[in-house]
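Visitor: Please find one structure pasted underneath; my questions will follow.
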Amino acid sequence: MWLKPEEVLLKNALKLWVTEKSNDYFVLQRRRGYGEDSGGLTGLLVGTLDTVLDSTAKVAPVRILHQTPDSQVYWSVACGASLEEISQHWDWLQQNIIRTLSVFDSGEDITSFVQGKIRGLIAEEGTSTGDEEDPERFREAVLRFERLFGLPQREKLVTYFSCSYWRGRVPNQGWIYLSTNFLCFYSYMLGNEVKLVYPWDEVSRLERTSSVLLAESIRVCVRGEDHFFSMLLRLQQTYMIMQQLADYAIVRFFDKETFIAEHPLANPLHITQRALEIHARNQSFRAFFRLPQEENLCEVHESFLWVPFSHVNTLGKICVSENYLCFASQDGSQCHLIIPLWEVFSVELPDRGSRALTVSLRGKRALRFSEVRDFERLAATIRRKCGTAGSPQHYISNPDEEGVMVGQSQAVSTEALMNVFHPHDAENLDPKMLKERMKEQSWQIHFAEYGRGTGMFCTKKTRDLIVRGVPETLRGELWMLFSGAVHDMTSHPGYYGRLLEECMGSSSLACDEIERDLHRSLPEHPAFQSDTGISALRRVLTAYAHRNPKIGYCQAMNILTSVLLLYAKEEEAFWLLVAVCERMLPDYFNRRIIGALVDQAVFEELIREHLTQLTEHMTDLSFFSSVSLSWFLTLFISVLPIESAVNVVDCFFYDGIKAILQLGLAVLDYNMDNLLCCHDDAEAVTVLNRFFDSVTNKDSPLPATVQQASATANDKSIHKVDISDLIKEAYEKYGDIRTEEVENMRKRNKLYVIQTLEDTTKQNVLRVVAQDVKFSAAQLDELYLLFKKQHFVSCYWSVCSPALQNHDPSLPYLDQYQLDQSQFSSLFNLLQPWTTHTHVRSLACSAFRLLDENGDGLVNFKEFICGLNILYNRSFTEKLKFLFKLHLQPDSAEDGVIRKCPERGRAKVDLQEYLKQWQEDLQRREENIKDLPRINQVQFIGLTKTLYGVFHGNEEEESLYRAVARVTSLLLRMEEVGRRLQESSPQKTPQSTPTSTAQPETSPTLPTSPETETLAKGEGDRPESPTSQQETAPSHSDITPTSTSRPSTPTSSPTGTSSPVLDTPTDTPSSPSAVRDGDWSFSFEQILASLLNEPSVVRFFERAIDTDSLIAHARKNQLKDAH
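Be aware that the sequence shown starts at 14, since it is given in the numbering used here, and climbs by one per residue.
Put into structure tokens, the structure is as follows:
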């Protein structure tokens, strides 16, 4: 059968294939183990491997590869089960393709043509056979998925494939299951079971790879460990789906600034393989043609387009969206064009024999498409959409209407600042101006041949003109066209004016930052030394911050916008900024500049590939990442004079980030010799700075007052480098870098960059926490991952989970991940070292209130781990104190309510608040058990129940219960004695401590509530302790209880200090723990002294906790607990 052409990374892995037939363009191969040599050792090995594979994953025994004579790259185009079957495909290629290929001049054109033909054959076969998955088989796979991995039923299985997982050098044949949030694999062979479950949010590397052993495989790196999956029948399709799911998780969980609620995949419960494919196709379509986010690809048709300027038919694809008709060639001519459907006024079918249609446009232009397979359907689609795609009336001609009065009666500028401060002088006969006019004439000739505006043909000649430099008078127009900003502005008439009316005069943190940077934006240029330029810059930046509050304002946006305002009208500059920030440089202008870091990782990869000599000299390429950050953020504007930098911006708007990467490589290549002589980073920085100072634009018509002369401008000893020559060299040496390749590298490196940032956060958090706890480094690492995963578990299956907001990368490291009460309770119950008795599980709410120091309804990792450290590693006194404090916590009607300020991450740092918090932490470290308030009747009953629950299931359960019963009985009798003493000597009451005012003057001889009677007996559902209560009294004869004042500390009672994260307000008569009339209370010292005389209780709390086992148990059951 025909296969969708896929690149074969390795021609003969382990000599597994034997060539049967070949010619200049195709190779027919047979797999060893099939046919004549099946009896050999290699044949037996290959045959054995293929036999153990599942039938759906078996490698086809024969295949056809496509190759051109000047290329080492092979493309699979067909496969078959027998030589007879594949021979039919071979004969068809010989008869229909071979002769045609001889007319092409280059190998790229041949490959493009072959790929187009093969895809057409597949499309024809697909119309009759269908390509839908069998629903019954998929339901069976879903049941297997749920049974094997124990994930919640809400987890959505997207697709599954048969493959081999390599553990060392041994393949494990099984099935890979790709779900919304997890990558799973299961294999069971010869008693050996392999089960993998990895969340996508932990994947740091995902790439196609090859080796002599594995041939083609998919490498997945999770927590620094590599996993390889191979022998996939549809490897490229599998890889694309995995890449999309991983990217979806990254954007949704880590990079929320770019994730919108209207995202096509916003609901994780509705993600399907088809939805992923449609989303990827729409993304590629919009990115290639630079169309607005609202556009989606509706139809695709292969056809030939008559190109009038070259008088040839160009093979390509017609892409139709809601409002645009686009065409892109596939024959290597790099020709594409975009037609707004509102420009179309008729569609005709002149020649049904050639399946042609003619699309007539306003302005007496027409496009002729031929060999369109479904030409009648295409014609009907265009006619229908022409009626619905109304032409947006974007008024730009009347300045009085265009101006919007804002602020101090300032109107929106309708002229580019360069026209205001440096108007074009047509009579100037300066040589530079003459050269500028020659450029303008070249572009006018181009417009005459290829069209002007949105319907212009973009070809190789267009790029050549861009490389030579755009004329000053056309720069704004061409930037708008090539960036796609013209489409955004046309489809949103009046939007900028309305935005200004809403935002001007408002106050926000972004406005403050904008105001601070206004006078730092090209301060040497006359335009920004006047109120005209400054006001325009303020309006554009403020309007964008209001439009996109997730980004708001970021440094470097002011520099870029100031250059845009020089050559574009104010509203055009706004839409250019939208195109740059939201499409061309995604994730650049946010708090973590993730996009810039990703492109720097791509830059490093390209350096390794193209500048091997430099790579060998500098083993650590991170230096180039740090020094090149400003190159990417400002498009070289911050390092080059403005007259040279605008030429770079020209190329950027035409070719995107590819132009910046090429120029970066050219800069390093130009300075290769000097960089190789550098001994440290400082010398390398000096070399690059001197180079940028030497870059000039000899053809710039700008006057000296506008140009940014460098410090070495008049130094004739320094060799000058013309920016046009540098850009030309960049395109000549590195122009073969494909945009698709750059986008794939971006996706691959984004996972790595995000996980690197997450690892940095983890290391900083653990460094701060490690000094306060007694967990080992490995245990802390595991506990942090559990804490972090608990956050994600709460977000996996919700469309817009509120818990997503609990992760804020803009906060200090400790507060980036925080758990609310529900999340905390689930994790606390998994990790607490005692039994899962019902009453013990309810302690999680009290523990949450205790550990939530600032009362914002969230607990960070330090607060959580310090509480856990007490239960795991501290002394008996500290553990008992923790339980004591839990029951002092008052019940609140607002339990679980998050009171975090939504702007907390963007707020300015309050140093006074930090100093105050630091002082409070030091004070808490000095807390003594004497400072703890007394526990009242209700709270003491709860503490006793907790102790019974903690002991439940222990091997010494009976003795522990009896010990608690003895202590409870003793404390109650002590309280009775104290009350009688109070009654017998009432005259001493006024001289007591202030807390005595809350004590009753008279009290019953013994509390008679059912709960009290239960405590005296030992607990209602437990047998009464046979031990006589009298036996325990003598052991506490040294304690003199009183209800009027706190007792003195027993000599046998040790004192301790509390954890720095725990703090309880002192007891006051108005506090909830104050003693009420008719109640009784105990101090912590009384309870501690009583329990210290019970060896079984002390032994229980002092025993060593198996931390590793508890962590392993929590890791195993964390997902199950989410059911």
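C-beta: ideal position from N, C-alpha, C; glycine also.
In whole angstroms, what separates the C-alpha of H102 from that of W15?
Guide: 8 Å
Visitor: Name, in chain order, the residues that DSSP records as bridge partners for S383.
Guide: F317
Visitor: Below 8 Å on the Cβ atoms is my guess for I99 versus Y38; work out the distance and round it to an integer in Å.
Guide: Not a contact, Cβ separation roughly 16 Å.
Visitor: What would DSSP say about L191, mapped onto helix, strand or coil?
Guide: strand
Visitor: Indicate whether L764 and I263 have their beta-carbon atoms separated by less than 9 Å.
Guide: yes
Visitor: Which parts of the stretch 558-621 are runs of the alpha helix (DSSP H), unbroken and 4 residues or longer, counting only runs that do not cross its ends?
Guide: 570-580, 583-592
Visitor: Around the C-beta of V786, are 16 or more other C-beta atoms found within 10 angstroms, so that it is buried, or is it exposed?
Guide: Classification of V786: buried, given that the 10 Å Cβ count is 16 or more.
Visitor: Since I572 and R551 should fall inside the 8 Å C-beta cutoff, what is the C-beta to C-beta distance between them, to a whole number of angstroms?
Guide: Their Cβ separation, rounded to whole angstroms, is 14 Å, which puts I572 and R551 out of contact at 8 Å.
Visitor: Count the C-beta pairs between the stretch 649-659 and the stretch 708-716 that are closer than 8 Å, then say yes if the count reaches three, no if not.
Guide: yes
Visitor: Please determine, among L678, S519, W188, D612, the residue with the shortest C-alpha to C-alpha distance to L245.
Guide: W188
Visitor: Taking the alpha-carbon positions, what's the L793 to H1126 distance?
Guide: Annotation: L793 to H1126 spans about 15 Å, alpha carbon to alpha carbon.
Visitor: In whole angstroms, give me the CA-to-CA distance for A586 and P74.
Guide: 59 Å
Visitor: Use the C-beta contact count for Y201: other C-beta atoms within 10 angstroms, 16 or more gives buried, fewer gives exposed.
Guide: exposed
Visitor: Report all residues from its chain with a CB closer than 7 Å to the CB of A94; omit the five preceding and five following residues, and keep chain order.
Guide: Annotation for A94: A73, P74 place their beta carbon closer than 7 Å to its own, counting only its chain and skipping 5 residues before and after.
Visitor: CA-CA distance, E891 and Q776?
Guide: Their Cα atoms are separated by approximately 28 Å.
Visitor: Does the stretch 441-457 come close enough to the stretch 619-626 to have 3 or more Cβ pairs within less than 8 Å?
Guide: Taking 8 Å as the limit for Cβ pairs, the verdict is that the stretch 619-626 does not touch the stretch 441-457.
Visitor: Which word fits Q831, buried or exposed, when buried means at least 16 other C-beta atoms lie within 10 angstroms of its C-beta?
Guide: buried
Visitor: Using DSSP with H/G/I as helix, E/B as strand and the rest coil, what is I1118?
Guide: coil
Visitor: Is there contact here, the stretch 169-185 with the stretch 229-246, by at least three beta-carbon pairs under 8 Å?
Guide: yes
Visitor: Taking just the CA atoms, how far does L642 sit from L960?
Guide: 59 Å
Visitor: Confirm, please, whether the CB-CB distance from C567 to F541 is below 9 Å.
Guide: No.
Visitor: In the DSSP assignment, find the alpha helix (DSSP H) that holds W88 and state where it starts and stops.
Guide: Going by DSSP, W88 is part of no alpha helix (DSSP H) but of the beta strand (DSSP E) stretching over 87-93.
Visitor: Over the uninterrupted alpha helix (DSSP H) stretch that includes H459, give me the two end residues.
Guide: 444-463
Visitor: What three-state label does DSSP hand Y38 in the structure shown?
Guide: coil
Visitor: Starting from the Cα of G1142, find the closest Cα among Q186, F665, V591, C399 and give me that residue.
Guide: The question about residue 1142 has no answer here: the residues shown for the chain are numbered 14 through 1136.
Visitor: For T1045 and R979, I'd like the C-alpha separation in whole angstroms.
Guide: Because T1045 sits at a pLDDT of 36, beneath the cut-off of 50, its placement in the model cannot be relied upon, and the point is left open.
Visitor: I need the straight-line Cα distance from Q347 to K474, nearest angstrom please.
Guide: 10 Å
Visitor: Going by DSSP in three states, D239 sits in which element: helix, strand or coil?
Guide: If DSSP states are grouped into helix, strand and coil, D239 belongs with the strands.
Visitor: Please tell me whether T809 and E168 are closer than 9 Å, where the distance is taken between their beta carbons.
Guide: The question names Thr, but residue 809 is Tyr in the sequence shown. It is a contact, given that the beta carbons lie within the stated cut-off.
Visitor: Within this structure, are the beta carbons of N967 and F1113 separated by less than 9 Å?
Guide: yes
Visitor: Let me make sure I understand the geometry here. Which of F151, L164, W644, Q80 has the alpha-carbon closest to that of S125?
Guide: Q80
Visitor: Which partner residues of S223 appear in the DSSP bridge assignment?
Guide: E229
Visitor: Give me whichever residues DSSP pairs with K209 in a beta bridge.
Guide: Per the sequence presented here, residue 209 reads as Leu, with Lys not at that position. In the DSSP output, where bridge partners are listed per residue, L209 has F198.
Visitor: Is the stretch 290-306 close to the stretch 489-497, with three or more CB pairs under 8 Å?
Guide: Taking 8 Å as the limit for Cβ pairs, the verdict is that the stretch 489-497 does touch the stretch 290-306.
Visitor: Could you give the distance in angstroms between the alpha-carbon of Y744 and the alpha-carbon of Q675?
Guide: A straight-line Cα-Cα distance of about 7 Å links Y744 and Q675.
Visitor: With a threshold of 8 Å (Cβ to nearest heavy atom), would D544 be considered close to the ligand FAD?
Guide: Here there are no bound small molecules, and the ligand FAD is not part of this structure.
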